[in-house]
Each structure stands twice: as C-alpha cells, then as structure tokens.
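Peer 1: This structure is in structure tokens; I'll ask about it shortly.
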Amino acid sequence: MIALIQTLVLALDIYWWIIIAAAIYSWLYAFNVVNSRNQFVGAIGNFLFRATEPVLGPIRRALPDLGGIDISPIVVLLVIFFLRQFLLTTVLRLVV
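Letter by letter, the sequence shown follows residues -8 to 87 in the numbering used here.
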C-alpha cells in the first residue's frame, strides 16, 4: 500500500512539472521567444498540450472569463498540492 501511495505522489509530482513546463512554453510561444516552426519545439508544445489539456480544459470552461488571463494551471497546481499533502499525511498515517 505504501508503494502505491508513493507511486501516486510521484505521478502527481511529474504532472506538477508538466503543468509548469506547459505554462512556461505558452509564455515563450506567446511572446515569440521560441521558433514555432521548429519541429522539435513543435513536438514539445504538442506533447505539453496533449498532456495538460484533458485536465485544464474542463477547468477553463468552469472558470469565469478573466480577460485573457488563464488561471486554470494555478487551480490544478493547488489541487495537486492539496491532494499530495493529503496522501502523504492522512493516508500514509492510516497505512503505517
């Protein structure tokens, strides 16, 4: 059971960094810092979009329009943070 919880925490940590990378990539793309025609850059952007959009999309639709500011990554990061803390404190104490 402990291994399962550690695996879930590791998956949450990896997804945390994927969301941060997607946010940074979107800023770099929006400010035209990266060359969007480069195949490698496009592959990274495509991966980040496909990895984050299933989670960020429904949250984006549920949040009100803030005039071009997307706070859905912040919401997801907060959910991941609290879920991770719950797994490490409450559930791990019940198992041990």
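Beta carbons: idealized from backbone N, C-alpha and C, even for Gly.
Rounded to the nearest angstrom, what separates Trp18 and Phe40 at their Cα positions?
Peer 2: Cα to Cα, the separation comes out at about 13 Å.
Peer 1: Do you know offhand how far Asn37's Cα is from Ile50's?
Peer 2: So the alpha carbons of these two residues sit roughly 20 Å apart.
Peer 1: Please check the pair Thr43 and Ala21, which I expect to be a contact at CB under 8 Å, by giving their CB distance rounded to whole angstroms.
Peer 2: Contact doesn't hold; Cβ gap of about 16 Å is too wide.
Peer 1: How about Leu78 and Leu3: are their beta carbons less than 9 Å apart?
Peer 2: Yes, these two residues count as a Cβ contact at 9 Å.
Peer 1: Flag this pair as yes or no: are the beta carbons of Leu83 and Pro64 separated by less than 9 Å?
Peer 2: Against a cut-off of 9 Å, the Cβ pair of Pro64 and Leu83 comes out as no contact.
Peer 1: Are Val66 and Leu54 close, meaning C-beta to C-beta below 9 Å?
Peer 2: A contact, by the Cβ cut-off of 9 Å.
Peer 1: So what does DSSP say about Asn37, is it helix, strand or coil?
Peer 2: Correct three-state label for Asn37: helix.
Peer 1: Using a Cβ-Cβ cutoff of less than 7 Å, which residues in the same chain neighbour Phe72 once the five nearest sequence positions on both sides are dropped?
Peer 2: So no residue of the chain qualifies.
Peer 1: If you draw a straight line from the alpha carbon of Leu60 to that of Ile(-7), how long is it in whole angstroms?
Peer 2: A quick correction: the sequence has Ile, not Leu, at residue 60. Between Ile60 and Ile(-7), the C-alpha separation is close to 39 Å.
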